[in-house]
Each structure stands twice: as C-alpha cells, then as structure tokens.
Amino acid sequence: MQKITLDQVQKNQSVIVEGVQGGFGVRNRINTMGIHKGDILKVKRSGIMRGPILVNVHGMDVAVGRGMARKITVSIYN
Amino acid sequence: MTSEEKNIQYDSGSDNITIVLVGQPNCGKSTIFNEVAGYKSIASNFPGATVEYTHTRVRIGTCVCQIVDLPGIYSLTGNDDISRDTQKYLLEEPIDVLINVIDSSLLSRSLEFTLQLMELDIPIVLNLNMIDEAERKGIEIDVKKLSDHLGIPAVTTIASKGKGISQLLSQALKTAREKKLPSHIDGHKDVESRIEEMMNILGDTFESEIRHSKHLVATRLMERNEYFEQKIKKHYPELTEDIEKYRNEVENIHGTTSDEVINAERHSLSMSIFEKVTRLGKSHIDWRDRIDNVLMHNFWGYVFLIIILLVFFNIIFSFGGMIEKPLTAFFDTIAASIYNFFDAGSLISVIAKGAVQGIGGGIAIVLPYLFPFLIGLAFLEDIGYLPRVAFLMDGIMHKIGLHGKSVIPVVLGYGCNVPAVMATKIIESPRDRFITAMIATMVPCAARMTIIMGLVGYYLGGTYVFVIYLLNFFIIGITGTVMKRLLPEITPGLMLEIPVYKVPRLRVLLMKTWLRLKDFIIIAWPLLIIGSAFLALIEFFNISQIINNVLSPLTGLLGLPSKVGVTLIFGVLRKELSMLMLIQAFGTSDLSSVMSAGQMLVFTIFVVFYIPCVATIGALWKQIKAQKTLIIIFLTIIIAFILGVITRGVTGIFW
Chain A
1254 MQKITLDQVQ KNQSVIVEGV QGGFGVRNRI NTMGIHKGDI LKVKRSGIMR GPILVNVHGM
1314 DVAVGRGMAR KITVSIYN
Chain B
119 MTSEEKNIQY DSGSDNITIV LVGQPNCGKS TIFNEVAGYK SIASNFPGAT VEYTHTRVRI
179 GTCVCQIVDL PGIYSLTGND DISRDTQKYL LEEPIDVLIN VIDSSLLSRS LEFTLQLMEL
239 DIPIVLNLNM IDEAERKGIE IDVKKLSDHL GIPAVTTIAS KGKGISQLLS QALKTAREKK
299 LPSHIDGHKD VESRIEEMMN ILGDTFESEI RHSKHLVATR LMERNEYFEQ KIKKHYPELT
359 EDIEKYRNEV ENIHGTTSDE VINAERHSLS MSIFEKVTRL GKSHIDWRDR IDNVLMHNFW
419 GYVFLIIILL VFFNIIFSFG GMIEKPLTAF FDTIAASIYN FFDAGSLISV IAKGAVQGIG
479 GGIAIVLPYL FPFLIGLAFL EDIGYLPRVA FLMDGIMHKI GLHGKSVIPV VLGYGCNVPA
539 VMATKIIESP RDRFITAMIA TMVPCAARMT IIMGLVGYYL GGTYVFVIYL LNFFIIGITG
599 TVMKRLLPEI TPGLMLEIPV YKVPRLRVLL MKTWLRLKDF IIIAWPLLII GSAFLALIEF
659 FNISQIINNV LSPLTGLLGL PSKVGVTLIF GVLRKELSML MLIQAFGTSD LSSVMSAGQM
719 LVFTIFVVFY IPCVATIGAL WKQIKAQKTL IIIFLTIIIA FILGVITRGV TGIFW
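Quick note, the sequences are listed as chains A and B, same order. Position 61, counted from 1, in the first sequence is what the working numbering calls 1314; the numbers after and before it change by one each time, with no gaps. Position 208, counted from 1, in the second sequence is what the working numbering calls 326; the numbers after and before it change by one each time, with no gaps.
In structure tokens:
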C-alpha cells in the first residue's frame, strides 16, 4: 500500500489516516479535531501559495495547515 | 418573545444553581446563552488569563440560576490556553449541572467531547442543538436510544429558532437538583485494568487533595494531561515511576503512545454509539457547498474576498462619516457651553472643556466607526465567513510572519486602528495576536491619512503620498517577518474547522456588539478624558514652550523645528491634531513657509509610525494587556525614530 503525506494528496481523493509524525503537541491538535488513525479523509481543495488543505472528515470540513499536513501519513482509499 | 420564553424572569428567588454551557465551537452555544441571558450578560476573564467567558443570572421558576457560557473548545485535553483554562474551570469551580451543547449534524465527533465531559463527575445534560441541520444532512437520531446508551438525559433544540430552550433549561434544573452523576462507560479491558491499577496506587488521601474521582485522575494521567501531571509532580512525585510503567504497558500492547490509545478508545466508543443510534438517509442538496466552490476558489475566492472587504470597509466608513459630523458639532457646542458655564478662561473651565472634548472625541470620532464595525464583524463571524478568510490568506500571511486571520485587522487599520486592534480578538494564539496587533497599529488610519494628504500630498504632490504608503507597507512586512523570527513559534500550524454557513440572528449580533463596545468604553474613555484634560492644562499654563524645550533633543535629531515638539504630544491624543497644532504653533496655515520639503517628509513619516493614539492604546490594553501594550508603544517610537532619521539623511543628501 502506497504511503504518502496529506499534502501530497490530489483534489477529490479520499485517503485513510495511517499515522502522525510528530510529538505530543502535534498529535494532540490533530486528535482534538477528531482526526484519528483509520479515519477516512476526503481532500476537497488545496490552498495556493502553500496554503492550507481543506479536508472533509466525519461530515466536517477542516483546513489543515501545510506544515501539519506534511506530518500526517495516509494511504489511498479506493 | 415566544410563549416558551415568558416563563423566564429576571428576579431574585430561592435556590441557587450554577448551570454551565459547554460545547465545541460553532455548536450554537452562544445563541442559547443569548436567548436566556438577554441584555444582562457580563463578560469575565478566567482568573489570571486573557480567555473570556460570559455569564448572567436569571430566574427560572423558583430558582436563581447563574448561567455561564464557556468558550467553545474541541477537547478538554487540548494544548492551547483556551482548552486548558476551560478544563481548569470545570475541575475547580462549583458547578451544579453541565449542558453539553452539540451540533447534531456532527454527532460522532461531538460525542468524543461528551464522553470527556462525562468523566468529570458533574451532572450533565446532552443538548442536541441544530437538529434541523442534522435532518438536512439526512441524519436521523434516535434521541431516547442515545440517552439510554450514554446514561444521561438528552434534549433537542433549534436554538436559532428559539425552539426547545425552556425544555432544555427545565431538564437542566431537574438534573441539577437530582444531583445524578453520569456513570462511566468502559473502554478496552487492558486499558481499563491499567487505569484501575493506577487508581489503586493513587490512594485515598490523594482524592481529598485533588477533589476529583480517581478514575478521572488516572485516565488523564494516562493521557499525559498537563494539569494532572503538574499536580502529581507537586504532591506525589514518588508515583511518577509507577504511572510511567502503566503507560508503557498500554503502549506496548497497542503499539502507539498512551494518549493516542485513550483518544482512539473514545473515538471508537463515540463512533459505535453513533452507529447504534442514527440512521443515515438521503441528504438535501446543499447550495451552501456551491457557495464555497466560489468563495474558497483558488482565484475567485480572492476576488470575492477583496469585494467583501471593500464593501465591509465602505459601509463602516460611510456610516461613520455620516454620524461623525453632527456628533462632533454637538460635542463642540457642549464643550463651549461648559466653558462659559464655568467662568470662561478659568482653570476649571479649561479642564472641564478639555474633558468634554475628550469624551466627545471618544463618542463622536471613534464610536460612529466602531459600532458598524463590531456589528459587521459579528455578522461575518456568525455567518461563518471568517474561517474562510483565514483559509484563503493563511499561506500568504505566513510569509510575512502573520496568521491567515490577520488580514482582517490589517485591512481595518486603514480606516481606524481601534476596530483593527479589537479584531485581533479572532486570533487565538497570543503570539500571533500580539504581532498582528502591533502591525495593525502601524497601518496608517484615516487620521494619519489626513496628515499624509494634507501635508505631503498638498505641498509635495501625489507621488510622495504613494511613496509613503509603499514604504509603510514594506516596513510592516519587514516588522512582521522580524517578529516572527524573534518570537518563538508556539503553534505547530493551522487546524481550523470550516463551519457550515448559518444565518446570523440580529439579537445575538447586537448582544455581542454591545458586550465588546462596553469593554472598549470602560478602558478608552477614561484615557481620553484624562488626556484631553491634560492637554487643556498645557494650553492654559502655556507650557508649550517648556515641552518643546524638553523634546528638543528629539526634534533636533529629526531635523525638525523645536515648535513641533508639543504637536507630537497632541498627536498622541488624536493623530490629526498633530498637523492641526502645527498650524497653531507656527501661527500660519502655509506650512511651506516654516518647514522644508524634507522636514515635512520626516514629520509625516514619524507621525505615521510613532505611538498609537490614546483610543488605540485603550483597545490594545484591553486586547493584549498592559505589558505588551507598553512594548508596542516603545517599539513604534523606536521604529518611527529610526525611519525619521533615515529620511532626514536621505532627503539631506538628495535635496
């Protein structure tokens, strides 16, 4: 299974969260928003100029900063 | 007032109950609070914090209730100030019942927070708000089943339409009086067993010191929650080793950190409850998604952003402009009558007149702009547009050390710095808020524009006006970048919910506006009065000369005539005064006869950057507190100085 980071995902692609590369602070922020390992995220759009990535998870839209997105590893969901 | 609301009265009564509203952002909590609180809300800070919560007292039936609206947070264990202070409040303050307000259309995510709240051992009622939104998304919730699974009462409401609120409150009172504590829902056996073992070593004396159930303490320790870690370190440092041992056991079994395990447990629990109590049907096509295709579009999004900001800007300044003139005239008349009343020319008359002019300034000059701004801001907030602004601007803003949301204060600053500073409220991180506030004060407001136009524009021509604005823009960018590097980055990045668009309620808008206006008035007006009275004294005692002498090293360094000194002091009260006082100080309105072109440039540039006006200082004080305000005052004076001297040097060489 191909593993990439969230910022590399194409628009309208759905992915499964595999893990978070980061310390407690980063994990905490991601978990707090309701994003956990095994969740399905759908990438809705990508901001220009290294802007945030808009994903939909559990019916909610979340803007994830590019720096954060680079720390979330995902796999493609078919 | 609907018939449901008639039962809520505002009197004194018998028993005293504290109801606390708690929920995730955008769940409609504040709408519920506003329905109940009316105009009697009071905003307070958490002790020792800049985080605010609002509260009020109302009578419901025979009970005198304190109702508290805590800030919306996603989780009690979040690392940011708001979550920490809110958790602290919930752990330490006396609370009779919690109302957990949730957006029913986001039930699965919301339940995670509910489960956390249930761990606190406080009677709790689940409030399924926005039940109409859930319906729209095709989510059918079996409320009774949900209530049974959780073991707590559940009440549905549509707060935006005022429906179900009195039922919610009566259930809350009932639950408070019954003092029924929510029971704990178990997770995985292996995690639970470690938590139980932790509870054993925590001992009985521990419980009396920390006032919470051992189960809560153990769970939070497993989650590495800072609040409890601190308490253990302080009271029972000898237990840290054992606690770490249990954490490691859990981590070894599950292959990930213990806080992740607990989070994952809650997550799967809330998902399973969600699946058991809901049925997903067909959702109605949402035209609001279509709006976002445009408003968040990579090109059109920015076009519309500019349009919306321009409209916002224009409304504020047309409205303000309309009201300012008649109000200023009104206050000038009052000031004149007071002057005469107190025996014109005497010390008292001068001070009184000065004080009235000060208040007049606050009311006639700032308020006409502040009021439409605050309403507009509340409107953009409640409709849900602000997070979209942050999304569009975040990438660009980070390059100059700012936050996506910073664009709003900066744009507003071009009109007036006061609303700009107050707008920094929307930025959560204190560090970003500080940088944005600092930058907002460097943006040349309308008052400074009159100086730029009236002095440089009039005598030196339009090109130089453009140069000054360009220079200002660059300095702001550089300042932002420098501050970004100097101040450590605390927040790891943007994680922002983009909520569904909602129709704002006028009543809530007015309430928010009133609360924020009250804040500003309390701080700024005393400053304005004192400042004005002080300046009146200067005029009366003819101390201008003395002040000019005191400031002459400063003005000398800038190459400016010493008479300019006192005008700079006046400029602190109101920026446009500095130019007006020039005319008075030199006794002529043809300033080219007393100042060279170079001097005009130096003066203008200095005035554009130095110390914010008194009203802005008031707003800064309110938003970022005294210490940081003083830093900004200090920094702006230094920057203004450096730029002024450089300008003097450059113009000296070329002219």
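Heads up, the beta-carbon is just placed ideally off N, CA and C, and yes, glycines get one too. No experiment lies behind these values; they were computed from the predicted model shown.
Where does residue i fall in DSSP's three states?
i: R1323 (chain A); result: coil
i: L498 (chain B); result: helix
i: E615 (chain B); result: strand
i: D187 (chain B); result: strand
i: N144 (chain B); result: coil
i: I729 (chain B); result: coil
i: T180 (chain B); result: coil
i: E258 (chain B); result: strand
i: E546 (chain B); result: coil
i: E393 (chain B); result: helix
i: Y171 (chain B); result: strand
i: K630 (chain B); result: helix
i: L588 (chain B); result: helix
i: L305 (chain B); result: In the sequence under discussion, the amino acid at residue 305 (chain B) is Gly, which differs from the Leu named in the question. The answer is coil: DSSP assigns G305 (chain B) none of H, G, I, E or B.
i: L446 (chain B); result: Rather than Leu, the amino acid found at residue 446 (chain B) in this sequence is Thr. Here T446 (chain B) sits in helix by DSSP.
i: L139 (chain B); result: strand
i: D266 (chain B); result: helix
i: R1298 (chain A); result: strand
i: D404 (chain B); result: coil
i: M713 (chain B); result: coil
Is it right to say residue i is buried, meaning 16 or more other beta carbons lie within 10 angstroms of its own, or is it exposed?
i: R202 (chain B); result: buried
i: I729 (chain B); result: buried
i: E792 (chain B); result: The requested residue 792 (chain B) does not occur in the structure, where chain B is confined to residues 119 to 773.
i: I742 (chain B); result: buried
i: I380 (chain B); result: buried
i: M1302 (chain A); result: exposed
i: S1299 (chain A); result: buried
i: Q1263 (chain A); result: exposed
i: P562 (chain B); result: buried
i: L428 (chain B); result: exposed
i: E378 (chain B); result: buried
i: V395 (chain B); result: buried
i: K279 (chain B); result: exposed
i: D304 (chain B); result: exposed
i: Y576 (chain B); result: exposed
In whole angstroms, give me the CA-to-CA distance for residue i and residue j.
i: G533 (chain B); j: V138 (chain B); result: 39 angstroms
i: P548 (chain B); j: N247 (chain B); result: 31 angstroms
i: A538 (chain B); j: D133 (chain B); result: 44 angstroms
i: P444 (chain B); j: V682 (chain B); result: 31 angstroms
i: V176 (chain B); j: Q184 (chain B); result: 7 angstroms
i: G476 (chain B); j: S650 (chain B); result: 5 angstroms
i: L1294 (chain A); j: V474 (chain B); result: 60 angstroms
i: V732 (chain B); j: A555 (chain B); result: 15 angstroms
i: A508 (chain B); j: G522 (chain B); result: 4 angstroms
i: V392 (chain B); j: S226 (chain B); result: Correcting the residue identity first, residue 392 (chain B) is Phe in this sequence and not Val. Spanning the two alpha carbons is a distance of roughly 6 angstroms.
i: I1329 (chain A); j: I1257 (chain A); result: 8 angstroms
i: E237 (chain B); j: L504 (chain B); result: 33 angstroms
i: S680 (chain B); j: S455 (chain B); result: 34 angstroms
i: L675 (chain B); j: M718 (chain B); result: 14 angstroms
i: N535 (chain B); j: G1304 (chain A); result: 28 angstroms
i: F592 (chain B); j: L413 (chain B); result: 28 angstroms
State yes or no: is the C-beta of residue i within less than 8 angstroms of the C-beta of residue j?
i: L291 (chain B); j: C145 (chain B); result: no
i: G282 (chain B); j: T274 (chain B); result: yes
i: P490 (chain B); j: G439 (chain B); result: no
i: A69 (chain B); j: V261 (chain B); result: Since the first residue of chain B shown is 119 and the last is 773, residue 69 (chain B) is not available in this structure.
i: L624 (chain B); j: M1313 (chain A); result: no
i: M316 (chain B); j: L339 (chain B); result: yes
i: Q234 (chain B); j: Y345 (chain B); result: no
i: M697 (chain B); j: G579 (chain B); result: no
i: Y420 (chain B); j: I501 (chain B); result: no
Counting beta carbon pairs with one atom in the stretch 585 to 596 of chain B and one in the stretch 721 to 735 of chain B, are three or more of them shorter than 8 angstroms? Between the stretch 721 to 735 of chain B and the stretch 585 to 596 of chain B there are three or more C-beta pairs closer than 8 angstroms, enough to call the two in contact.
Just checking, does the stretch 642 to 657 of chain B make contact with the stretch 541 to 559 of chain B on the three C-beta pairs under 8 angstroms criterion? Cβ pair count under 8 angstroms is below three, so no.
Does the contact criterion of 3 or more C-beta pairs under 8 angstroms hold for the stretch 597 to 607 of chain B versus the stretch 511 to 526 of chain B? In short, these stretches touch, since the Cβ pair count reaches three.
Please confirm if the stretch 495 to 507 of chain B is in contact with the stretch 616 to 631 of chain B, defined as three or more CB-CB distances below 8 angstroms between the two stretches. A contact exists between the stretch 495 to 507 of chain B and the stretch 616 to 631 of chain B.
At least 3 beta-carbon pairs within less than 8 angstroms: the stretch 1317 to 1327 of chain A vs the stretch 204 to 215 of chain B: With a cut-off of 8 angstroms, the stretch 204 to 215 of chain B and the stretch 1317 to 1327 of chain A do not count as touching, because too few Cβ pairs lie within range.
If contact is defined by three or more beta carbon pairs under 8 angstroms, each pair taking one atom from either stretch, is the stretch 630 to 641 of chain B in contact with the stretch 736 to 756 of chain B? The answer is yes - the stretch 630 to 641 of chain B touches the stretch 736 to 756 of chain B, with three or more Cβ pairs under 8 angstroms.
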